[in-house]
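Engineer: Please read through the structure below; I'll follow up with questions.
Number of protein chains: 2
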Amino acid sequence: MRQTTQPDPTRERLLDEAERLFADKGFAGVSVREITAAAGAHLSAVNYHFGSKHNLYLAVFRERWLPRARRILERLDRLAARGLPRPEDLVRTITEAFFSGFADDAERRRHHQLIHREMCRPGEALSLIVEEVTRPIFDRFRRLLEPHLPPGVDEEEVTLYIFSVICQVLFFNFGRPMVTALTGRTYDEQFRRLLVEHITRFSLRALPRGGEEDS
Amino acid sequence: MRQTTQPDPTRERLLDEAERLFADKGFAGVSVREITAAAGAHLSAVNYHFGSKHNLYLAVFRERWLPRARRILERLDRLAARGLPRPEDLVRTITEAFFSGFADDAERRRHHQLIHREMCRPGEALSLIVEEVTRPIFDRFRRLLEPHLPPGVDEEEVTLYIFSVICQVLFFNFGRPMVTALTGRTYDEQFRRLLVEHITRFSLRALPRGGEEDS
DNA sequence: GTCTATAGCAGGATAGAC
DNA sequence: GTCTATCCTGCTATAGAC
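Heads up: the protein sequence lines correspond to chains A and B, in order.
Here the first sequence is numbered in my numbering, starting from 1 and rising by one per residue.
Here the second sequence is numbered in my numbering, starting from 1001 and rising by one per residue.
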């Protein structure tokens, strides 16, 4: 299903560099001049391809951030396709996806910095993120988790549980400078595995058990 | 111990408005003109009182953010002064402090937005925050928690536990737009109490118990 | 200490040649 | 589609009158 017509390479490079710079410095902290220079394009290229700086920002979310986030979502669907997962596999899958479901370390940083910034100052991108990614993740998570919970737990309680799991995943990714400052650890492969284990175990102990018992 | 010489009211208003605007829009997103206009001062007042926009930003952290954070820290010290607290009281105290240890809702938002932004793009302020606030909180938390943990738990594991507790507190404060979008709840008094209860219970179940058992 | 005036530069956006 | 040239606004910072 490959496209025969190649997408405009200048446009693609603009999106790449814009994502990197927006993630690093935020929307207001980056100038169009900086983006076009980094992309080896001319100043007017942004206005030609996207109409405005703001539209370029939204395009980064629509064409870069969202597709990547959807790939993470697919991991949950693949897990669910194999039958009802144990809570442990559920939590571990989602955690690992956020830690390893990226091409490389730089991509993971960009991805989390962007969502982090958008949570900081909610704009049009946040509603896009919530409806297209966050809510689907929560819905799937809730559906797969609820069979394991005792009957008394209401939906809002489950939502808060999921928030407590997800917020750890997010924090250990975008709070990296603070985590490094306090632990002295760099985010190498070993430390990432340790964090995934920690978040999984912490969250599993915290989730009230009921229904079927596993292993 | 009241100061006889009143602090310069223009300077104070500049700090107030700068904090509000920096928290809302970030350093690059605010202009000196906007700050001075909001403070009813003249454009050159920032340079007169602080030398530069950047110094004003640092002054906001030193003279507004840090003193407030230290007041939260004092709550831990007052708790510890009454003897070794149960883990439940420890977690509840720190959680409640972050949710209610502020003059009003606006002040709490500003406080969390500022730290959130600084975690987003670490600058000089972050090292100040880590050394003056985060590390002391972690040290006290660890010292008060360790007696309750089983002997096998090493220091790094405890540090990760504390991160998982603190990150929930932070997230439910600065991730407010997302939490509201997914729960439909506004942050009124009732919901805040619910969140404090949720974080406390979630974290307590997750902490491995050992040593003395309470109640 | 406060205000005016302005330097000096960087910002986003656009029109029009090629 | 790309590049040049340019508009005009807004920015931080400073010098100097009062």
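Positions of the beta carbon are idealized from the N, C-alpha and C atoms, including for glycine.
Does B/Q1218 have its Cβ less than 9 Å from a Cβ in chain A?
Structural biologist: A question about residue 1218 of chain B goes unanswered here, because the residues of chain B that appear run from 1001 up to 1215.
Engineer: Distance check for B/S1203 and B/W1165, CA to CA, integer angstroms please.
Structural biologist: Reading the second sequence from its first residue, position 165 is the one you call residue 1165 of chain B. Reading the second sequence from its first residue, position 203 is the one you call residue 1203 of chain B. Looking at the sequence provided, one finds Val at residue 1165 of chain B rather than Trp. Going by the C-alpha atoms only, they are around 6 Å apart.
Engineer: With H, G and I counted as helix, E and B as strand and the rest as coil, what does DSSP make of B/L1145?
Structural biologist: The residue given as residue 1145 of chain B occupies position 145 in the second sequence. Helix at B/L1145.
Engineer: Exposed or buried, B/Y1048, counting other C-beta atoms within 10 Å across all chains shown (16 or more means buried)?
Structural biologist: Along the second sequence, one-based indexing puts residue 1048 of chain B at 48. Burial call: exposed.
Engineer: Run down chain A in chain order and give the residues with a C-beta less than 9 Å from the C-beta of B/L1126.
Structural biologist: Looking up residue 1126 of chain B in the second sequence gives position 126. P177, M178, A181, listed in chain order.
Engineer: Specify whether the region 121 to 134 of chain A and the region 44 to 64 of chain A touch according to this definition: at least 3 beta carbon pairs, one from each stretch, less than 8 Å apart.
Structural biologist: Flag = yes, the region 121 to 134 of chain A and the region 44 to 64 of chain A touch.
Engineer: Give the list of continuous alpha helix (DSSP H) stretches no shorter than 4 residues that lie fully inside the region 1154 to 1210 of chain B.
Structural biologist: With a minimum length of 4 residues, the continuous alpha helix (DSSP H) runs that stay inside the region 1154 to 1210 of chain B are 1155 to 1174, 1176 to 1183, 1189 to 1206.
Engineer: Nearest CA to the CA of B/V1153: which residue from B/R1075, B/T1200, B/P1208?
Structural biologist: As a position in the second sequence, residue 1153 of chain B is number 153, starting the count at 1. The option with the nearest alpha carbon to B/V1153 is B/P1208.
Engineer: Starting from the beta carbon of A/T200, find every residue of chain B whose beta carbon is closer than 8 Å, and list them in chain order.
Structural biologist: Here residue 200 of chain A refers to the residue found at position 200 of the first sequence. What A/T200 touches in chain B: nothing, since even the nearest Cβ is about 11 Å away.
Engineer: Between which two residues does the alpha helix (DSSP H) containing A/P9 stretch?
Structural biologist: Position 9 of the first sequence, counting from 1, holds the residue named residue 9 of chain A. It spans 9 to 25 - the alpha helix (DSSP H) in which A/P9 sits, taken as one unbroken run.
Engineer: For A/N173, which residues of its own chain have a beta-carbon under 6 Å away from its beta-carbon, when the five flanking residues on both sides are left out?
Structural biologist: In the first sequence, residue 173 of chain A corresponds to position 173, counting from 1. If we look at A/N173 and ignore the five residues flanking it on each side, its Cβ neighbours are H112.
Engineer: Measuring CB atoms only, is the region 19 to 39 of chain A touching the region 1027 to 1035 of chain B, in the sense that at least three cross pairs come out at less than 8 Å?
Structural biologist: As far as the Cβ criterion goes, the region 19 to 39 of chain A touches the region 1027 to 1035 of chain B, which means the pair count is three or higher.
Engineer: For A/R11, which residues of its own chain have a beta-carbon under 6 Å away from its beta-carbon, when the five flanking residues on both sides are left out?
Structural biologist: Taking the first residue of the first sequence as 1, we reach residue 11 of chain A at position 11. Here the set comprises H49.
Engineer: So B/I1199 and B/T1095 are in contact, right, with Cβ under 8 Å, and what is the actual spacing, rounded?
Structural biologist: Residue 1199 of chain B sits at position 199 when you count from the first residue of the second sequence. Residue 1095 of chain B sits at position 95 when you count from the first residue of the second sequence. Yes, they are in contact, since the Cβ atoms of B/I1199 and B/T1095 sit about 5 Å apart, within 8 Å.
Engineer: Please list, in chain order, the residues of the region 1140 to 1172 of chain B that have any C-beta partner in chain A closer than 8 Å.
Structural biologist: Of all residues in the region 1140 to 1172 of chain B, E1156, E1157, T1159, L1160, Y1161, F1163, S1164, C1167, Q1168, L1170, F1171, F1172 have a Cβ within less than 8 Å of some Cβ in chain A.
Engineer: Which value, in whole angstroms, describes the spacing of the CA atoms of A/L182 and B/F1141?
Structural biologist: Sequence index remark: in the first sequence, residue 182 of chain A carries index 182 (1-based). Sequence index remark: in the second sequence, residue 1141 of chain B carries index 141 (1-based). Taking the straight line from one Cα to the other gives about 13 Å.
Engineer: Kindly indicate if chain A contains any beta-carbon less than 9 Å away from that of B/R1013.
Structural biologist: What you label residue 1013 of chain B is simply residue 13 of the second sequence in a count that begins at 1. Cβ-Cβ to chain A under 9 Å: no for B/R1013.
Engineer: Output yes or no for whether 9 Å exceeds the beta carbon distance between A/A97 and A/R82.
Structural biologist: Counted from its first residue, the first sequence places residue 97 of chain A at position 97. Counted from its first residue, the first sequence places residue 82 of chain A at position 82. No, the Cβ-Cβ distance between A/A97 and A/R82 is not below 9 Å.
Engineer: Quick one: is B/F1098 near chain A, going by C-beta distance under 9 Å?
Structural biologist: On the second sequence, residue 1098 of chain B is found 98 positions in, with the first residue counted as 1. With 9 Å as the cut-off, B/F1098 does not count as an interface residue toward chain A.
Engineer: Restricting to Cα atoms, I'd like to know which of A/V91, A/L14, A/K53 is closest to A/L195.
Structural biologist: Start at 1 with the first residue of the first sequence, and residue 195 of chain A comes out as number 195. Considering only alpha carbons, the answer is A/V91.
Engineer: Leaving out the 5 sequence neighbours to the left and right, which residues in its chain are closer than 7 Å to A/A38 when beta-carbon positions are compared?
Structural biologist: Reading the first sequence from its first residue, position 38 is the one you call residue 38 of chain A. E17, L21.
Engineer: For A/T95, go through chain B and note every residue whose CB falls closer than 8 Å to its CB, in chain order.
Structural biologist: Here residue 95 of chain A refers to the residue found at position 95 when the first sequence is read from its first residue. Here the premise fails: no neighbours, minimum Cβ distance about 12 Å.
Engineer: Output the boundary residues of the alpha helix (DSSP H) element that contains B/D1089.
Structural biologist: Counting from one through the second sequence, the residue named residue 1089 of chain B turns up at place 89. B/D1089 -> alpha helix (DSSP H) spans 1087 to 1100.
Engineer: Closer than 8 Å by beta-carbon distance: list the chain A residues that pair up with B/K1025, in chain order.
Structural biologist: Counting from one through the second sequence, the residue named residue 1025 of chain B turns up at place 25. Under the 8 Å cutoff, chain A gives A28, R121.
Engineer: From what residue to what residue does the alpha helix (DSSP H) around A/L114 run?
Structural biologist: Locating residue 114 of chain A in the first sequence gives position 114, counting from the first residue. Per DSSP, A/L114 belongs to the alpha helix (DSSP H) from 105 to 120.
Engineer: Do you know how far the Cα of A/S44 is from the Cα of A/I35?
Structural biologist: Here residue 35 of chain A is taken as the residue at index 35 of the first sequence, counted from 1. Here residue 44 of chain A is taken as the residue at index 44 of the first sequence, counted from 1. Looking at the two C-alpha atoms, the distance is approximately 11 Å.
Engineer: Name the chain B residues that come within less than 9 Å of A/V130, Cβ to Cβ?
Structural biologist: As a working mapping, residue 130 of chain A is identified with position 130 in the first sequence. Neighbours of A/V130 on chain B, chain order: P1177, M1178, A1181, L1182.
Engineer: Between which two residues does the alpha helix (DSSP H) harbouring B/L1128 extend?
Structural biologist: If you number the second sequence from 1, residue 1128 of chain B lands on position 128. 1124 to 1129 is the span of the alpha helix (DSSP H), which, as asked, contains B/L1128.
Engineer: Tell me, please, whether the CB atom of B/R1205 is closer than 9 Å to any CB atom in chain A?
Structural biologist: Mapped onto the second sequence, residue 1205 of chain B falls at position 205. Closer than 9 Å to some Cβ of chain A, the Cβ of B/R1205 qualifies, so yes.
Engineer: Are A/L14 and A/R64 touching if we call contact CB-CB under 9 Å?
Structural biologist: Numbered from 1 along the first sequence, position 14 holds the residue referred to as residue 14 of chain A. Numbered from 1 along the first sequence, position 64 holds the residue referred to as residue 64 of chain A. No.
Engineer: Using beta carbons (cut-off 9 Å, strictly below), is B/T1134 in contact with chain A?
Structural biologist: Against the second sequence, residue 1134 of chain B aligns to sequence position 134. Yes, its Cβ sits closer than 9 Å to a Cβ of chain A.
Engineer: Residues in its own chain within less than 8 Å of A/E19 by CB, not counting five upstream and five downstream?
Structural biologist: By 1-based counting over the first sequence, the position of residue 19 of chain A is 19. Closer than 8 Å at the Cβ level, and outside the excluded window around A/E19, lie V60, R64, W65, R110, L114.
Engineer: Ignore the nearest five residues each way along the sequence and tell me which others in B/E1213's own chain have a CB closer than 7 Å to its CB.
Structural biologist: Stepping through the second sequence from its first residue, residue 1213 of chain B is reached at position 213. Low confidence applies here, because B/E1213 scores a pLDDT of 45, under 50, leaving its location unreliable and the question unanswered by this model.
Engineer: With DSSP run on the structure shown, which of helix, strand or coil describes B/A1039?
Structural biologist: As a working note, residue 1039 of chain B is residue 39 in the second sequence. Correct three-state label for B/A1039: coil.
Engineer: Beta-carbon separation of A/A80 and A/V133 under 9 Å?
Structural biologist: For the purposes of this step, residue 80 of chain A is taken as the residue at position 80 of the first sequence. For the purposes of this step, residue 133 of chain A is taken as the residue at position 133 of the first sequence. Their beta carbons are not under 9 Å apart, which means A/A80 does not touch A/V133 by this criterion.
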